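This report concerns only the one structure given below.
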Amino acid sequence: MRLKRDFFIQSTLKVAQDFLGKLLVRKYQNKLIAGIITETEAYIGPKDKAAHSYKNRFTKRNIAEYFLGGFCYIYLVYGMHWQFNITTSLANKPECVLIRGVLPISEKNFLLNGPGKLCRYFNLDGSFFGEDLVFSKRIWLEDSKIKFKKSEIKRTPRIGIDYAGKYWSKIKWRFVVEKI
DNA sequence: GTACAGATTGAG
DNA sequence: TCAATCTGTACT
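In case it helps, my numbering puts the first sequence at residues 42 to 221.
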């Protein structure tokens, strides 16, 4: 069952946790690529110093962050890696969830850990900027029967944002499934 | 216009 | 430990 708009417009921290166990599906050259989401991070601007939308920063690159929940916010970091985010909450609330890890369902014992690797595997690039996951024919999310227990989900600080200061770099907004 | 650093990764 | 390499931001 494909996830609809009402799922994405819930609070960002809830969506970030609920993404774990959901299926990311990509249609590429008439084939389906799918994986179970195992790692996410929440970014809640404009108060979040680690978010691109901190203090309501608004540029051509991060404009999608202000969209209604359920859209793709994808951008290039370090000049070479794409980061795949999904917007949450309502329009003009710059909140999103970064998808950091996925378990491909077709290949066993192979975990895509890291947002850059994930985008390469799913063939995601800038052309998905602003794509609507509720209606898109080439990328969407589906519910699955997989439900992780609370004891299997670990909360940790987010990765790679030490610049955000003591408070924001330590807050536990990263959600990881420990055993798969 | 120039300088700089970042939500990363893989090689050495 | 470090380079690869694009883009927005904060300067001159």
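For each residue, glycine too, the CB sits at the ideal point set by N, CA and C.
Keep in mind the model is a prediction, meaning the values are calculated, not measured.
DSSP places Gly142 within a strand segment (E or B) once states are collapsed to three.
Rounded to the nearest angstrom, the Cβ distance from Ile127 to Val138 is 5 Å, consistent with a contact under 8 Å. Membership of Leu64 in the beta strand (DSSP E) is indicated by the continuous run Leu64 to Tyr69. Secondary structure at Asn133: coil, using DSSP grouped into helix, strand and coil. At the C-beta level, Phe49 and Ile78 stay beyond 7 Å of one another.
Residue pairing from DSSP places Val217 in a beta bridge opposite Glu80 and Lys195. Counting along the chain, Tyr162 sits inside no beta strand (DSSP E); it lies in the alpha helix (DSSP H) bounded by residues Pro156 to Tyr162. Note that the C-beta distance between Ser94 and Glu82 is not below 7 Å.
With contact defined as three or more Cβ pairs closer than 8 Å, the segment 107-126 and the segment 157-166 are in contact. Ranked by how close their Cα comes to the Cα of Leu152, the residues Lys158, Leu144 and Leu159 have Leu144 in first place.
Around the Cβ of Ala132, a 10 Å sphere holds fewer than 16 other Cβ atoms; the residue is exposed. Annotation for Leu54: the continuous alpha helix (DSSP H) segment containing it runs Thr53 to Asp59. Cβ-Cβ distances below 7 Å link Asp173 to Gly111 and Phe112 in the same chain, with the five nearest sequence neighbours on each side left out; the list follows chain order.
Exclusion of the five residues before and after Ser52 leaves Thr129 and Ser130 as the residues of its chain whose Cβ lies within less than 8 Å of its Cβ.
In chain order, Ile202, Ala205 and Trp209 place their CB closer than 6 Å to the CB of Ala91, counting only its own chain and leaving out the 5 sequence neighbours on each side. Annotated three-state conformation of Ile104 is helix, per DSSP.
For Tyr114, the enclosing beta strand (DSSP E) has its first and last residue at Cys113 to Val118. For Phe48, the uninterrupted alpha helix (DSSP H) run begins and ends at Arg46 to Phe49, by DSSP.
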